[in-house]
Amino acid sequence: MAPQGSRAELEFGGPLGAAALLLLLPATMFHLLLVARSGPARLLGPPPYLPELEELWSPWALLLCLTWLGLQAALYLLPARKVAEGQELKDKSRLSYPINGNPIYDFFLGRELNPRICSFDFKYFCELRPGLIGWVLINLALLMQEAELRGSPSLAMWLVNGFQLLYVGDALWHEEAVLTTMDIIHDGFGFMLAFGDLAWVPFTYSLQAQFLLYHPEPLGLPLASVICLINAVGYYIFRGANSQKNAFRKNPSDPRVADLETISTATGRRLLVSGWWGMVRHPNYLGDLIMALAWSLPCGVSHLLPYFYLLYFTALLVHREARDEQQCLRKYGLAWHAYCRRVPYRIVPYIY
Ligand code: NDP
Numbered sequence: 001m002a003p004q005g006s007r008a009e010l011e012f013g014g015p016l017g018a019a020a021l022l023l024l025l026p027a028t029m030f031h032l033l034l035v036a037r038s039g040p041a042r043l044l045g046p047p048p049y050l051p052e053l054e055e056l057w058s059p060w061a062l063l064l065c066l067t068w069l070g071l072q073a074a075l076y077l078l079p080a081r082k083v084a085e086g087q088e089l090k091d092k093s094r095l096s097y098p099i100n101g102n103p104i105y106d107f108f109l110g111r112e113l114n115p116r117i118c119s120f121d122f123k124y125f126c127e128l129r130p131g132l133i134g135w136v137l138i139n140l141a142l143l144m145q146e147a148e149l150r151g152s153p154s155l156a157m158w159l160v161n162g163f164q165l166l167y168v169g170d171a172l173w174h175e176e177a178v179l180t181t182m183d184i185i186h187d188g189f190g191f192m193l194a195f196g197d198l199a200w201v202p203f204t205y206s207l208q209a210q211f212l213l214y215h216p217e218p219l220g221l222p223l224a225s226v227i228c229l230i231n232a233v234g235y236y237i238f239r240g241a242n243s244q245k246n247a248f249r250k251n252p253s254d255p256r257v258a259d260l261e262t263i264s265t266a267t268g269r270r271l272l273v274s275g276w277w278g279m280v281r282h283p284n285y286l287g288d289l290i291m292a293l294a295w296s297l298p299c300g301v302s303h304l305l306p307y308f309y310l311l312y313f314t315a316l317l318v319h320r321e322a323r324d325e326q327q328c329l330r331k332y333g334l335a336w337h338a339y340c341r342r343v344p345y346r347i348v349p350y351i352y
């Protein structure tokens, strides 16, 4: 079969991988939520019990979800806003005749890059608003439930809530930066992003707070201070790297980045080879992973479950880094090879 543009190289294991992920992601999410509530909280092994069908369905829960989405959509449409321009699309138009030989793959990854009705951009809306803010709300609800149950929230619960609130607040504060992420530029709006943004993020990213509600963890001030320090280091690297690249991409003569060393590419865009992006090829992932560790540590080391996010996120970022590498190689060719020689490590200096 002739290659079909960017669809020629299939990602995520092609249709088979996409079909497996379609089943695996929701099943994993339910498994994690059931396990977090059970006494032994065993990450590996069968779920502690299987809920009855009636337990999974409630018209009130559906109404609540729809109200939450409706509220977020109304806020998204508020006229008081700044309008930012996205990245240029490569539209060398030709008439095309869709051949739906890969419906599962397309359903998973999304055929449409930027589905919109008028100015309502579905992917952009889902990326930051209902799921990310929903994650913070679920955390807060768990904190309040712990206060009801035990008189006051535990220090561990405060830390998990504080760290994750900082992360979400940061994403909303730097909202415009989402326009240069792979999700917006490269990935279609299919099951992966819709399920990921609306279900996976709020329900599995709040797993540490869920775990703490059912498995209280005493935490002393000295250890709490060390964990705060780890989160601060992670945030410093994450924010420093992302801000440096965003400032450079917006305006390479910005005084904050003008002194950094760069290499030219055939596209006219330059690549940073000093500063954060001279340390490893994805310093922002490194910072993100250090923060992920700090979110798990308040839950102690007796269970693997609170470390699920760290494990899953490591796999996600290693895979994402490899995908980004392929795209950069396609975009920048020889210049990318030169960058890789100059900055040999991908995420962790001297290790990976
Ligand atoms: P990145 O912000 O890492 O962007 C990658 C792009 O940056 C490349 O495609 C290239 O694009 C540009 N780039 C790469 N190297 C250089 C360089 N040396 N100099 C200048 N530009 C360079 O993309 P992501 O979307 O993967 O990540 C964004 C953030 O979101 C990260 O902090 C990540 O950790 C976080 N994230 C969090 C997730 C979560 O679930 N919590 C999930 C996924 C990501 P170009 O040259 O075209 O500009």
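If you read the sequence shown in the UniProt record's numbering, its first letter stands for residue 1, the second for the next number, and so on.
Built from N, CA and C at the ideal position, the CB exists for glycine as well.
Residue side-chain check: F189 keeps its Cβ at 7 Å or more from all non-hydrogen atoms of the ligand NDP. Under the three-state reduction of DSSP output, T262 falls in the strand class. Taking each of Q208, A156, A335 and L229 in turn and checking the Cα distance to L304, the smallest one comes out for Q208. By the Cβ-count criterion, L21 is buried, with 16 or more other Cβ atoms from all chains shown falling within 10 Å of its own Cβ. The C-alpha of D187 is placed about 33 Å away from the C-alpha of D259. In the three-state reduction of the DSSP assignment, L23 falls in the helix class, which pools H, G and I. As a beta-bridge residue in DSSP terms, L272 pairs with T262.
Closest option to R129, judged by alpha-carbon separation, among Y332, A74 and A147: A74. Relative to W277, the option among T262, R269, L53 and M192 whose CA is nearest is T262.
Going by C-alpha positions, I117 is about 21 Å away from E175. Where I104 is concerned, the enclosing alpha helix (DSSP H) starts and stops at P103 to L109. Between the alpha carbons of G275 and D170 lies a distance of about 21 Å. Sequence-distant Cβ neighbours of L32 in its own chain, meaning closer than 7 Å and more than five residues away, are T204, L207 and F308. If you check the C-beta of C328 against the ligand NDP, you find a heavy atom less than 7 Å away. Counting the other Cβ atoms within 10 Å of the Cβ of Y352 gives fewer than 16, which makes it exposed.
Non-local beta-carbon contacts of R239 in its own chain, meaning distances under 8 Å to residues more than five positions away in sequence, involve D170 and G287 in chain order. Shown here, I351 sits in coil according to DSSP, grouped into three states, outside any helix or strand. Within its own chain, the residues whose Cβ lies closer than 6 Å to the Cβ of N102, once the five positions on either side in sequence are excluded, are P15, listed in chain order. Remark: the C-beta of N242 is in contact range of the ligand NDP, defined as less than 7 Å to any heavy atom.
In this structure, the ligand NDP has a non-hydrogen atom nearer than 7 Å to the beta-carbon of M182. Within its own chain, the residues whose Cβ lies closer than 8 Å to the Cβ of L140, once the five positions on either side in sequence are excluded, are N161, listed in chain order.
In this structure, A224 sits near L155, with a CB-CB distance shorter than 8 Å. Counting along the chain, the unbroken alpha helix (DSSP H) around A294 starts and ends at P283 to S296. Set against 7 Å, the gap from the CB of Y339 to the closest heavy atom of the ligand NDP is smaller. Of the other Cβ atoms in all chains shown, 16 or more fall within 10 Å of the Cβ of G134; this residue is therefore buried. L193 has its Cβ no nearer than 7 Å to any heavy atom of the ligand NDP.
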